[in-house]
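Chains A and B, in that order, give the protein sequences. Using the numbering used here, you'd call the opening residue of the first sequence number 1 and step up by one each time. Using the numbering used here, you'd call the opening residue of the second sequence number 1001 and step up by one each time. Backbone N, C-alpha and C define an ideal beta-carbon position, used for all residues, glycine too. Let me begin by presenting the structure, written as structure tokens, before commenting on it.
2 protein chains.
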Amino acid sequence: MMQLDDQAYARIAKYFQLLAEPMRLKILNGLRDGEKNVSELVALSGGTQANVSKHLTMLSAAKLIGRDARGTKAYYSIVDQQIFDLCGLVCGQLAIQMSMEAAANETFISAVQSNTNKQHEWETA
Amino acid sequence: MMQLDDQAYARIAKYFQLLAEPMRLKILNGLRDGEKNVSELVALSGGTQANVSKHLTMLSAAKLIGRDARGTKAYYSIVDQQIFDLCGLVCGQLAIQMSMEAAANETFISAVQSNTNKQHEWETA
DNA sequence: ATATTACATGAGTATATAGTTATATAAAAA
DNA sequence: TTTTTATATAACTATATACTCATGTAATAT
């Protein structure tokens, strides 16, 4: 079987690592409907300014989001909407797992579903 | 805008975290064409037995892979092939990024492409 | 029963990273 | 110019986690 080399695995892993952080997911989700500046994202996420700014710097360095400085504000925006497909797939996986766990935890599934119904967060298509 | 609650973000992040590790990606990719036992995965991945076993335990606990003990051997297998869609999307993203970086690093892109052509690793559809 | 094979796991270490606090920088307002 | 507003970043701490080495456990073979 053909193998990706170690550098390729490392790159893919690093990409997933960016998505492996709740605050970053929240920020990305906050950018779903268009650009926002740092203050808006701080308010939206409930994080501190310093922490949100750091996450934005990381996401920007990795080209997952773009940065546009206007005046004293910095507006960030999603570069490629396909990123939400990734989250949608994961939500789908988790929803399946949880439904198989026999509805002990209703909260998450209903969040995802109301989600899907309202064509809101993370849905795939 | 509707928000997923913090527990939901945490769950999604934890899922991505599982994919944010080169050795685990290698193992998952090694399981692409069917179940393998631990020794086979150790050989295939180049990792130590202890380390591979730990990663398998993690992936299994998260239900990304299944475990079937037969005799003294333990066979692991992918539970849902959709997981490769995730990796395919990321490969696609990275390939785009790298092609935009003007082909300085040809290795990775060509790996992903020969990949796509040969219908091998990580491709989406 | 003993040895061997295959796998899992505990202890310990090293590193990475998320978060906080304080400060730096830079544009705009006064 | 001085102040204020918006953002970035350095220093530090705490926690998580990947790895190694050693050992435990369980099924098979001798």
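Check, Outcome
"How would you call A1043 of chain B, buried or exposed, if buried means at least 16 neighbouring beta carbons within 10 angstroms?", "exposed"
"Give me whichever residues DSSP pairs with N1037 of chain B in a beta bridge.", "B:Y1075"
"Is V90 of chain A close to chain B? Criterion is C-beta to C-beta, closer than 8 Å.", "yes"
"Using DSSP's beta-bridge definition, name the partner residues of G1066 of chain B.", "B:S1077"
"Against chain A, with Cβ distances strictly below 8 Å, would N1117 of chain B count as a contact?", "In this prediction, N1117 of chain B scores a pLDDT of 47, lower than 50, which makes its location untrustworthy; the coordinate-derived value is nonetheless stated afterwards. So, not an interface residue."
"By the three-class DSSP mapping on this structure, what secondary structure does A104 of chain A have?", "Interpretation of A104 of chain A is limited by its pLDDT of 49, a score under 50 that renders its predicted location unreliable; no figure is taken from the coordinates."
"Have a look at B:K1036, B:A1008, B:E1021 and flag the residue whose alpha-carbon is nearest the alpha-carbon of R1070 of chain B.", "B:K1036"
"Quick check: the Cα distance between G1047 of chain B and H1055 of chain B, rounded to an integer number of angstroms?", "10 Å"
"Whose CA, out of B:P1022, B:K1014, B:N1029, lies closest to the CA of M23 of chain A?", "B:K1014"
"If you follow the alpha helix (DSSP H) that G30 of chain A is in, where does it begin and where does it stop?", "22-30"
"Does the beta-carbon distance from D85 of chain A to L1004 of chain B come in below 8 Å?", "no"
"What number of angstroms, rounded off, separates the C-alpha of S1099 of chain B from the C-alpha of D1033 of chain B?", "29 Å"
"For I1027 of chain B versus L1041 of chain B, is the C-beta spacing smaller than 8 Å?", "yes"
"Shorter than 8 Å from the beta carbon of R67 of chain A to some beta carbon of chain B?", "no"
"If distances are taken between C-alpha atoms only, which option among B:C1087, B:Q1097, B:A1095, B:I1096 comes closest to A1020 of chain B?", "B:C1087"
"Going by CA-CA distance only, name the one from B:A1074, B:Q1097, B:N1051, B:K1063 that's closest to A95 of chain A.", "B:K1063"
"Could you give the distance in angstroms between the alpha-carbon of D1006 of chain B and the alpha-carbon of V38 of chain A?", "20 Å"
"Beta-carbon of L86 of chain A versus every beta-carbon of chain B: anything under 8 Å?", "yes"
"For chain B, find out if any of its Cβ atoms is closer than 8 Å to the Cβ of E40 of chain A; answer yes or no.", "no"
"Rounded to whole angstroms, how far is the Cβ of L31 of chain A from the Cβ of S60 of chain A, which I believe are closer than 8 Å?", "L31 of chain A to S60 of chain A, Cβ: 11 Å. No contact."
"Which bits of chain A does A1020 of chain B rub up against, with CB to CB less than 7 Å?", "A13, F16, Q17, A20"
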